[in-house]
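Student:
In UniProt numbering, the protein residues as written are 1 to 207.
1) Excluding the 5 residues flanking residue 16 on each side, which residues of the same chain have their C-beta closer than 7 Å to its C-beta?
2) Hey, could you find the ends of the alpha helix (DSSP H) residue 214 is sitting in?
3) Expressed to the nearest angstrom, what Euclidean distance is found between the alpha-carbon atoms of residue 8 and residue 20?
4) Check for me: the alpha helix (DSSP H) holding residue 58 runs from which residue to which?
5) Under 8 Å, with one C-beta from each stretch per pair, do the stretch 99-109 and the stretch 37-49 reach the 3-pair mark?
6) Evaluate contact between the stretch 141-158 and the stretch 120-127, counting only Cβ atoms and requiring at least three cross-stretch pairs below 8 Å.
7) Could you tell me the alpha carbon to alpha carbon distance between residue 65 and residue 146, rounded to whole angstroms?
8) Quick one: residues in its chain with C-beta nearer than 7 Å to the C-beta of residue 81, no 5 flanking neighbours on either side, listed in chain order?
9) Grouping DSSP H, G and I as helix and E and B as strand, with all else coil, what is residue 161?
10) Work out the CA separation of residue 170 and residue 59 for me, nearest whole Å.
11) Are three or more beta carbon pairs between the stretch 18-34 and the stretch 68-84 nearer than 8 Å?
12) Check residue 86 in the structure and name its three-state DSSP category.
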């Protein structure tokens, strides 16, 4: 097959290389919701896209390259889904973002558990860590402390530690669900000011 795919009227529609690559990443990301990364079938993705398995590797240099593109796209989706709502006060903003985070990982629990629980390649873990860094930067951007404030480095470490805590607790909850979703969210939100041990942050978050 060439670079054509079926349109709504059944006719073949030619996609540009960028459009085809985006289509394949989107299909792979969709499969990631129900399958671990290593279980995503290249043949099935190609079939859904209406191309040959071999043609898929015209757009990606290897299976690992395709997997990295899928994870990068999934991470971008996570960051989009948890974008802070800056119309809210800080405490409500944090609660809202954590709620949407829990919703997202619940919808994608198979891939989330597989990616973070099982050993992965260095490049995959680099992508995951970059997402953690972006989440930490978002939080620090909302904390009203000057960049040169002496407490800022301590808070940055605390926030990175909190993100690791959120991941671990959520992973455990996904496999057991011993408490309600609402209880989970309240625990995650309430743990940040206590971990940071900062009076200003505690006051802002209403704890």
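Backbone N, C-alpha and C fix where the C-beta goes; we use that ideal spot for every residue, glycine too. Model, not experiment: these values are computed from the prediction.
Tutor: Result, derived from the coordinates:
1) Position 16 of the chain shown, counting from 1, holds the residue named residue 16. If we look at residue 16 and ignore the five residues flanking it on each side, it has no Cβ neighbours.
2) Outside the displayed span of the chain (1 to 207) sits residue 214, for which this structure offers no information.
3) Position 8 of the chain shown holds residue 8. Position 20 of the chain shown holds residue 20. Its pLDDT being 44, under 50, residue 8 is placed unreliably by the model, and the measurement read from it follows with that caveat. One C-alpha to the other measures close to 16 Å.
4) Indexing the chain shown from 1 puts residue 58 at position 58. Unbroken alpha helix (DSSP H) run through residue 58: 53-59.
5) no
6) no
7) Indexing the chain shown from 1 puts residue 65 at position 65. Indexing the chain shown from 1 puts residue 146 at position 146. About 40 Å.
8) Counting from one through the chain shown, the residue named residue 81 turns up at place 81. Excluding sequence neighbours, residue 81 sits near 100, 104.
9) For this step, residue 161 is matched to residue 161 along the chain shown. It is helical.
10) For the purposes of this step, residue 59 is identified with residue 59 of the chain shown, where counting begins at 1. For the purposes of this step, residue 170 is identified with residue 170 of the chain shown, where counting begins at 1. The alpha-carbon atoms of residue 59 and residue 170 are separated by roughly 35 Å.
11) The stretch 18-34 vs the stretch 68-84: in contact.
12) The residue you call residue 86 lines up with position 86 of the chain shown. Assignment of residue 86 by DSSP, reduced to helix, strand and coil, places it in the coil class.
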